[in-house]
Structure formats: C-alpha cells, structure tokens
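Participant:
Numbering (mature numbering (1 follows the signal peptide of the UniProt record, and there is no 0)), first residue to last: -23 to -1, 1 to 494.
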C-alpha cells in the first residue's frame, strides 16, 4: 500500500522545487532520502521542527527526518526555551512563584538570574544539577506589550490583566496565531480581588459602588459626605494607566478619571501601609495584601451587600475581581512548556497561587449553611412574580446540594459567555474528565436579573443553563457521561446577588451556577 504521508511530502517537495531560490539555514531530509525541505528554522521543541519555507511555515516531526545546516540544534544537548511576557503585576510575584513551584513539583534543580530592565531568567536543570533542561524568561512589560510581543514572535505566552482586544485578536489571526479568544488559547490562571481599605480608626466601613467612584474621581472630597468625620479624604492609588491601577479604573471609574490629587504609589504594600497610618486615607489594594488596613464593604442602593472573600472572587460575585489571563498561540510549544501549562491546573499550583497572595482556581464546594446572605436576598427581593412555591423548591434543592465556586456569566446584551466563563468551561470539563464528580449529581442552574417579565426571564435562564451544560460536555474528550448525573434547571430572578439598578448588578445576576450533590 502506498504511504499517503510520503505522497504528501513528495508533492510538497515538487512544489518547493519550482519556487524561486532563497537563503535557507536548515535542510530536513526524510530517512529514505526521497523528500527534502529547506527553510529558516523558527524553532525546535525537542520533538518537532518549525520551519519557514517557501511554501509557508511547516511543522515537521523530528523523528522522521535528518537535519543539516548551520541552524540545526544539537539534539543531544537540547534545552527547551520559552518566554512569558506581559503584565508586571503577574510577572513580579505570581508567575515566578509558579515557575519555582513547577520546578519543585517536577524534580528540577533551579537557577534564577535577574535581567536588569527586562525581568527574570530561570534555568531548570535535571536532578543532578549538571544538564540544563529549560530556560524560562519572564519579561516584565504590560498587557499591551505582551500581546505586541506575541505578534512579533518575541514571546510564547502573554500575561494579561484584561481580555484580548478585537484588534489584537484580528492581528493574531492574520499572523497565523489562531483565535486568542478561544477556550484553548486563553485561560484564567488566578484572580485578584481589589478592595477599598481605610485605617482601623475610620468609622466608614460601607460604601456603594457609586460612592466609591465618586471618591476616587474626586467628586466626593470629605468624609462627612459619607457619614464620617468632617475631614478631607486622602486617596492612595496605583497609576491608572498600568497594571492593577488600570484594572481598577476599568472596573470602578468607568468613564471618569482618577482624582488629580490622589497620591500614587507603586505597590499594594505601600498603599496598605499608608492607609493604615492615615486616619483620613482610603486606598485600593489586593484582598490578600491589605496589611493592617480595614476593608470597606461594598453595598447597593437596594440594601444588598457584597463582602470581599476568596469565595466571592472565585464565583465572580464580587465587583472588583480581576482575572489574570494567560494567552497562548496556536502553535506547538516545547514539551516542558506544555508540562508547565498542565501544572497550572494542579492542586499544587493552586496552593502556590494562594501563598503568593492571589485567589486560586481550585473548585471549592459551598454548603447551604454559609449561604445565609443569598437566601436573605432572595426573601427580601421576592415580589408577586416569584411565588412561595418556587422559593421553596429552590431552597429544597439548595439544601441537598453544595454550590461550586465556579460560575458562568455572559457578555452584556448577549448570550455569549464572557472571557472568565469561557475559561471555566475548560476548567469544569477537565474536572469531569479527571473523575472529580463521578457518582454524583451536577445541576446547571440558571438565574436572571429582575428586569422584564419574570416568566420570560425564567425561560431565558433555563436556555442559558442548557447552553452552558452543552458547552462543557462538548469540551470533554475522555469523559463517561454515565459516571455523572447531569441536569439543567432554572429559577430566573429568584436569587439575586446584587441590585439591578447598575449594569454590574444586572451582569452578576445573569448567571449559571453549578450545584453538586
């Protein structure tokens, strides 16, 4: 029988042969010598060559060819190399902690070198400490520059505190890097919950999102306007043009600007320390990095409060949650890089993330006895359109199940999942494939905001629950559907998480939760 692979390579050779000559630095020749491909070597991952030929960029299995030319790698001394570039807030602590955790987890010895003005270079060695296995470079730039580096073939992974933009996504597709918005090319590796903080002696401990915006934009300037002392408010904040400062501006300030009189500091620790010493100060810092300062609870005009916690951040129930994204190109990465990506999903990595001061992606289960505030909200918000029978049915189901700290939400005015939720699809599919829920029952439960007709909202919530269920199941590859009982249900507007009078509140209320029994 004729070998179809050999036929394809032979056809490719004939096409290449008639194209104009060019300067090449490698020649890949099949073991039988019948097929030859020449071009510029773009990379070798220990298994595959990536070559820019006159026919385009080709990926060739190294086990089937011999390499000749000045750029051919030394196969006996191959060292995997890959780069991560992007948000400094991720590259300074989170990613180095994960690289170091991966080395320990995988049994590699580790060397670290600070690259002045660039970032950090890690060298992973085999267990003897003699032979390098990988070099991992972390470039401290910004989310914007990380995507630019990817487009310029200067990085293998992007660290970002925001979603890829439509322009970046289009440019990446044109460059052959795939769809950066796809679930397989983007993932959330950790979360950060930003919290407003004051000193321990400040009596103001509650604030609406509208008041928070007014304070940080300079519209409210005295504590007496918030029920506190008649004293001027001192604002401590990061630069709103970069990193977490930019993330906070996008989440809280919308089209307003940070007050010009704000004291700009470069780290959460500096902000927390300054606020703790200033009885009339207020700042924004990470939940796990608030030091001796005290958190201000956020509330809505309808009386609902949103308390900052790891669980609220994981579930997307807290308004100032910042997803930390990792974006990947649609090309094969070195095996050690793929091992690193696999490690990021492990329980060991989640522990590293927590110890680094961020919110991890572990799937926690929340029993009903710690969901009292949610039930109180449901009772308070219940109107004529939400009958007692429906509330009783919901509570009966909740009492038999636990809520996963993994929630699916949607883009504004759309049935499409938002970026963190697309990442959650892959996360839940992986847990199903790993047998995490074998022998148990999983319910995809849909909820809506309170705008419009309750019956229509209930039907919409059910359709969304069914769509999320189908998306998760479609993502699985090695999952036995008989191992888990899976269903979809909905309660519409019966369990609000926030007030419906703001866009953020309506976004939080339109969701699909996962309840497990």
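Note that beta-carbon positions come from the ideal geometry of N, C-alpha and C, so glycine has one too.
The structure presented is a predicted model; accordingly, all values stated were derived computationally and were not measured.
Tell whether a beta-carbon distance below 8 Å holds between residue 249 and residue 262.
Facilitator: Counted from its first residue, the chain shown places residue 249 at position 272. Counted from its first residue, the chain shown places residue 262 at position 285. Yes, they are a contact pair.
Participant: Would you mind working out which of 471, 431, 491, 407 sits nearest residue 456, comparing C-alpha positions?
Facilitator: On the chain shown, position 479 is the one that residue 456 refers to. Cα-wise, what sits closest to residue 456 is 407.
Participant: DSSP puts residue 302 in a beta bridge; with which residues?
Facilitator: To locate residue 302, count along the chain shown from 1; it is residue 325. Answer is 137, 165.
Participant: Give me the residue from 425, 63, 479, 484 with the minimum Cα distance to residue 470.
Facilitator: Locating residue 470 in the chain shown gives position 493, counting from the first residue. Comparing Cα-Cα distances from residue 470 to each of 425, 63, 479, 484, the minimum goes to 425.
Participant: Give a yes or no on contact between the segment 187 to 207 and the segment 85 to 93, applying the rule of three or more CB pairs nearer than 8 Å.
Facilitator: With the cut-off at 8 Å, the segment 187 to 207 and the segment 85 to 93 do not touch.
Participant: Taking the straight line between their C-alpha atoms, what separation do you get for residue 136 and residue 216?
Facilitator: Translated into positions along the chain shown, residue 136 becomes position 159. Translated into positions along the chain shown, residue 216 becomes position 239. Whole-angstrom Cα-Cα distance: 19 Å.
Participant: Identify whether residue 184 lies in helix, strand or coil by the three-state DSSP scheme.
Facilitator: Within the chain shown, the letter at position 207 stands for residue 184. It is a strand residue.
Participant: Apply the 10 Å Cβ neighbour rule to residue 169 and answer buried if 16 or more other Cβ atoms are within range, or exposed otherwise.
Facilitator: Within the chain shown, residue 169 is the residue found at index 192, counting from 1. Looking at its Cβ environment, which holds 16 or more other Cβ atoms inside 10 Å, residue 169 is buried.
Participant: Identify which residue in 384, 322, 468 has its Cα closest to the Cα of residue 373.
Facilitator: Here residue 373 corresponds to residue number 396 of the chain shown, with the count starting at 1. Comparing Cα-Cα distances from residue 373 to each of 384, 322, 468, the minimum goes to 468.
Participant: Check whether the segment 77 to 87 touches the segment 96 to 111, counting contact only when three or more Cβ pairs, one atom from each stretch, lie closer than 8 Å.
Facilitator: yes
Participant: Any idea if residue 243 is buried or exposed, counting beta-carbon neighbours within 10 angstroms, 16 or more meaning buried?
Facilitator: Taking the first residue of the chain shown as position 1, residue 243 is located at position 266. Counting Cβ neighbours within 10 Å, residue 243 comes out exposed, since fewer than 16 surround it.
Participant: Take residue 340 as the anchor and find which of 197, 175, 167 has the nearest alpha-carbon.
Facilitator: Counting from 1 along the chain shown, the entry for residue 340 is found at position 363. When each option's Cα is compared against that of residue 340, the closest is 167.
Participant: In three-state terms, what does DSSP make of residue 73?
Facilitator: To locate residue 73, count along the chain shown from 1; it is residue 96. DSSP places residue 73 in helix when its eight states are reduced to three.
Participant: Sorted by chain position, which residues of the same chain lie with C-beta nearer than 7 Å to residue 477's C-beta, five sequence neighbours on each side aside?
Facilitator: Indexing the chain shown from 1 puts residue 477 at position 500. Contacts found: 426, 427, 428, 483, 486.
Participant: Does the distance from the CB of residue 488 to the CB of residue 465 come in under 8 Å?
Facilitator: Against the chain shown, residue 488 aligns to sequence position 511. Against the chain shown, residue 465 aligns to sequence position 488. Contact flag unset, no.
Participant: With residue 101 as the anchor, note down where its beta strand (DSSP E) starts and where it stops.
Facilitator: For the purposes of this step, residue 101 is taken as the residue at position 124 of the chain shown. Taken as a continuous stretch (DSSP letters only), the beta strand (DSSP E) holding residue 101 covers 96 to 102.
Participant: May I ask you to report which of helix, strand or coil DSSP gives residue 109?
Facilitator: For the purposes of this step, residue 109 is identified with residue 132 of the chain shown, where counting begins at 1. Three-state result, residue 109: strand.
Participant: Residues in its own chain within less than 6 Å of residue -1 by CB, not counting five upstream and five downstream?
Facilitator: Numbered from 1 along the chain shown, position 23 holds the residue referred to as residue -1. Since pLDDT at residue -1 reaches only 49, below the 50 mark, its modelled position is unreliable, and no value is offered.
Participant: Please confirm whether residue 31 and residue 20 have their CB atoms less than 8 Å apart.
Facilitator: Taking the chain shown and counting its residues from 1, one reaches residue 31 at position 54. Taking the chain shown and counting its residues from 1, one reaches residue 20 at position 43. Result no, Cβ atoms of residue 31 and residue 20 do not sit closer than 8 Å.
Participant: Any idea which residues DSSP pairs residue 3 with across the strands?
Facilitator: Position 26 of the chain shown, counted from the first residue, corresponds to residue 3. In the DSSP output, where bridge partners are listed per residue, residue 3 has 16.
Participant: Mind the definition here: the segment 295 to 305 touches the segment 149 to 166 only if three or more C-beta pairs lie below 8 Å; say whether that holds.
Facilitator: yes
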